[in-house]
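Undergrad: First residue of the sequence shown? That's 62 in our numbering, and the numbers climb one at a time after it.
For each residue, glycine too, the CB sits at the ideal point set by N, CA and C.
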Amino acid sequence: MKWGLFGGTFDPVHFGHLRAAQELAGMLGLDRVIFIPAARPPHKTEQAVTAFAHRAQMVSLAIAGNGSFSFSDVENKRPGKSYSIDTVRFFSESQADTELYFITGQDAFDGIASWYQWEKLLSMCHFVVMTRPGCSHGDISRGLPPLIAARYTYDEQNDLFRSGTGKCVLFRKTTFLDISSSAIREILRRGGQARYLLPDRVISYIQENKLYAVSPQQGQG
Ligand code: ATP
Ligand code: MG
62 MKWGLFGGTF DPVHFGHLRA AQELAGMLGL DRVIFIPAAR PPHKTEQAVT AFAHRAQMVS
122 LAIAGNGSFS FSDVENKRPG KSYSIDTVRF FSESQADTEL YFITGQDAFD GIASWYQWEK
182 LLSMCHFVVM TRPGCSHGDI SRGLPPLIAA RYTYDEQNDL FRSGTGKCVL FRKTTFLDIS
242 SSAIREILRR GGQARYLLPD RVISYIQENK LYAVSPQQGQ G
């Protein structure tokens with residue numbers, strides 16, 4: 062079995078996440094992509110992030126009906142910051158026979174050297190890095206962290222970088238959808254229309270729960 066572990070803040074989840082996950086599942090032959098909202102994202106201050114329960118519910122609504130997608134609240138079951146290494150450890154221990162691919166966008170992967178125990182993390186599972194508008198490196202190998210690039214060799218036949226640990230880094234192009242959660246939050250905060258950037262079910266949930274509320278000074282429009 063091959064699983065994709067798709068970590069993110071998902072505040073809120075949008076079509077950029079969903080379409081990219083769908084395409085990667087096809088490209089890599091993933092049996093499942095697990096969306097794993099970060100409970101306490103180490104890189105974002107807790108105050109600025111919507112409650113986990115809402116983000117989790119929006120992900121569940123967004124992926125409902127897709128047999129290859131599932132959701133995990135494993136990061137909410139742990140105390141403290143949500144470190145990806147703990148999540149990968151959890152899945153590699155509970156799914157010993159499953160090949161794990163951690164999915165990130167290029168913008169997130171560019172900061173990998175600031176992740177908790179990142180070198181160890183890269184030795185624990187494969188990484189698949191999706192291109193994202195505004196984050197192209199031209200020469201694909203430049204996407205590897207400079208500190209460790211020398212430890213990887215490019216396997217041209219399979220278009221991936223192999224390390225001595227047996228774990229690989231793959232850069233894959235998915236359809237460019239220049240959508241971000243922060244832009245959606247900003248549209249909603251101004252009282253604008255976010256339709257077709259994220260699933261209708263998620264928009265209804267946002268409205269019902271008054272998330273990303275319009276500030277009273279700005280009104281609708
Ligand atoms: P924010 O603007 O709040 O940072 P975001 O849109 O970047 O939100 P995240 O939850 O931070 O969403 O992203 C989770 C993961 O999905 C990250 O690895 C990010 O790079 C990737 N990602 C987000 N949006 C896209 C997109 N439009 N195309 C490809 N990858 C994306
Ligand atoms: Mg982001």
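Consider the C-beta atom of residue 191 and the heavy atoms of ligand 1; say whether any pair is separated by less than 7 Å.
TA: For ligand 1, at least one heavy atom lies less than 7 Å from the Cβ of residue 191.
Undergrad: For residue 256, collect the residues of the same chain with a Cβ closer than 7 Å to its Cβ; drop the 5 residues on either side in sequence, then sort them by chain order.
TA: Within the same chain, residue 256 has close Cβ partners 264.
Undergrad: Would you kindly report the start and end of the unbroken alpha helix (DSSP H) that includes residue 150?
TA: Per DSSP, residue 150 belongs to the alpha helix (DSSP H) from 145-155.
Undergrad: Note down the Cα distance separating residue 74 from residue 183, rounded to an integer number of angstroms.
TA: Each residue's Cα considered, the two are about 25 Å apart.
Undergrad: Taking C-beta to C-beta, are residue 120 and residue 162 nearer than 8 Å?
TA: No, these two residues do not count as a Cβ contact at 8 Å.
Undergrad: Using DSSP with H/G/I as helix, E/B as strand and the rest coil, what is residue 85?
TA: Of the three classes helix, strand and coil, the one that applies to residue 85 here is helix, per DSSP.
Undergrad: Tell me, to the nearest whole angstrom, how far the beta carbon of residue 95 is from that of residue 133; I am working on the premise that it is less than 8 Å.
TA: So it is a contact: roughly 5 Å between Cβ atoms.
Undergrad: Would you be able to state if there are at least three C-beta pairs under 8 Å between the segment 110-130 and the segment 149-157?
TA: Contact fails: fewer than three Cβ-Cβ distances are below 8 Å.
Undergrad: By how many angstroms is the C-alpha of residue 85 removed from the C-alpha of residue 248?
TA: If I take the Cα positions, the gap works out to 28 Å.
Undergrad: Within its chain, find whatever has a CB closer than 6 Å to the CB of residue 230; leave out the 5 residues flanking it on each side and keep chain order.
TA: The answer, listed in chain order, is 188 and 222.
Undergrad: Rounded to whole angstroms, what's the CA-CA distance from residue 97 to residue 218? Just pull it up for me.
TA: Going from the Cα of residue 97 to the Cα of residue 218 covers about 31 Å.
Undergrad: Does DSSP put residue 65 in a helix, a strand or coil?
TA: It is a strand residue.
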